[in-house]
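A.B. asks: My questions all concern the structure below.
Numbering (my numbering), first residue to last: 4 to 263.
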């Protein structure tokens, strides 16, 4: 009886600690990330690229950063050890390095977006939409009428698999991942995650942080697509390019040691 009571007590304390860490991390991430640089990266990229790829790339970077920040506190004895480990990590990959790398990438992608906007036809987006719509409609007709024979089905499945691999290796996904990861490295929310994990349930902080990033990134992607449906893609690409160039300028003129 005493053993069962002890197990129940430990389970209660674990769940209480887990929920406290989850709620604190979820609240802090949502408050700090809404309107943050990573938020605008996802929103701008979603204006001209597939939402799923942008979301997957950004969330991959944010989830990786959250997990790394959380587990950096596992097995540590004191807050001084936390600080020592964090100091070692920032020595291996200095904040200054990632800070200016992100600035260079913002500059490159900003110039690329301006070039794409300059060479873009006003009807490019509509033509691409109509082409995809026509292909999907034809696929539905073939399935309903039984025109898809086993041989073509195999080719279809191979094509779908090939498309899935292309999406996984997509430059859009890689761009979203790299830009978001570098922008998040040493950021306020990363340091907050480390501090929370040092004082609360690590698993709760990680789950809450990932959920918070999922909510914020989802809102950013939806906002970007919502705007893209109401403003011509050509002008949105110009706006996105200028915004990325402003990010680059603020990076080169900013202080890499500042986390604000």
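The beta carbon of each residue, even a glycine, is placed where N, CA and C say it ideally should be. Here the structure is a predicted model, which is why all the values come from computation and not from measurement.
Can you check whether the CB of residue 204 is closer than 7 angstroms to the CB of residue 20?
C.D. replies: The answer is yes: Cβ separation under 7 angstroms.
A.B. asks: Cβ atoms of residue 241 and residue 120: under 7 angstroms apart, would you say?
C.D. replies: A contact, by the Cβ cut-off of 7 angstroms.
A.B. asks: Taking C-alpha atoms, which residue in 244, 46 and 255 lies nearest to residue 116?
C.D. replies: If we check each option's Cα against that of residue 116, 244 comes out closest.
A.B. asks: Relative to the C-alpha of residue 272, which candidate in 74, 192 and 42 has its C-alpha closest?
C.D. replies: Lying outside 4 to 263, the shown extent of the chain, residue 272 is not represented and no answer is given.
A.B. asks: In terms of alpha-carbon separation, which member of 232, 251 and 198 lies closest to residue 24?
C.D. replies: Nearest of 232, 251 and 198 to residue 24, Cα basis: 198.
A.B. asks: Indicate whether residue 64 and residue 220 have their beta-carbon atoms separated by less than 7 angstroms.
C.D. replies: No.
A.B. asks: Is residue 179 closer than 7 angstroms to residue 60 when the C-beta atoms are compared?
C.D. replies: It is a contact, given that the beta carbons lie within the stated cut-off.
A.B. asks: Could you tell me whether any non-hydrogen atom of the ligand MG is closer than 6 angstroms to the CB of residue 229?
C.D. replies: Absence of the ligand MG is noted for the structure shown, with no ligands found whatsoever.
A.B. asks: Considering only residues of the stretch 174 to 249, which uninterrupted alpha helix (DSSP H) runs meet the minimum length of 4 residues and lie entirely inside it, listed in chain order?
C.D. replies: Listed in chain order, they are 174 to 187, 191 to 202 and 205 to 231.
A.B. asks: Can you give the beta carbon distance from residue 58 to residue 224, rounded, assuming they're within the 8 angstroms contact cut?
C.D. replies: With a Cβ gap of about 5 angstroms, residue 58 and residue 224 count as contacting.
A.B. asks: So which of 108, 67 and 22 has the shortest CA-CA distance to residue 255?
C.D. replies: Residue 108 is the option with its Cα nearest to residue 255.
A.B. asks: Using C-beta distances below 7 angstroms, list every residue in its chain close to residue 186, excluding the 5 sequence neighbours before and after it, in chain order.
C.D. replies: Correct list, in chain order: 40, 41, 44 and 105.
A.B. asks: Indicate the three-state DSSP secondary structure (helix, strand or coil) for residue 37 in the structure shown.
C.D. replies: DSSP places residue 37 in coil when its eight states are reduced to three.
A.B. asks: How would you label residue 28, buried or exposed, when you count the other beta carbons within 10 angstroms and need 16 or more for buried?
C.D. replies: With 16 or more other Cβ atoms within 10 Å, it is buried.
A.B. asks: So residue 49 packs on residue 233, CB below 8 angstroms; how close in whole Å?
C.D. replies: No, residue 49 and residue 233 are not in contact; Cβ-Cβ is about 14 angstroms, not under 8 angstroms.
A.B. asks: Buried or exposed: which applies to residue 238, given that a residue is buried once 16 or more other Cβ atoms fall within 10 Å of its Cβ?
C.D. replies: Classification for residue 238: exposed.
A.B. asks: Using CA atoms only, rank isn't needed, just tell me which of 38, 62, 16 and 33 is closest to residue 177.
C.D. replies: Out of 38, 62, 16 and 33, 62 has the C-alpha closest to the C-alpha of residue 177.
A.B. asks: Does the separation of the CB atoms of residue 73 and residue 200 fall below 7 angstroms?
C.D. replies: Yes, these two residues count as a Cβ contact at 7 angstroms.
A.B. asks: How would you call residue 36, buried or exposed, if buried means at least 16 neighbouring beta carbons within 10 angstroms?
C.D. replies: The residue in question, residue 36, is buried, as its Cβ has 16 or more Cβ neighbours within 10 Å.
A.B. asks: Evaluate residue 52 with the Cβ neighbour count: other Cβ atoms within 10 Å of its Cβ, from every protein chain shown; 16 or more gives buried, anything less gives exposed.
C.D. replies: So residue 52 ends up on the buried side.
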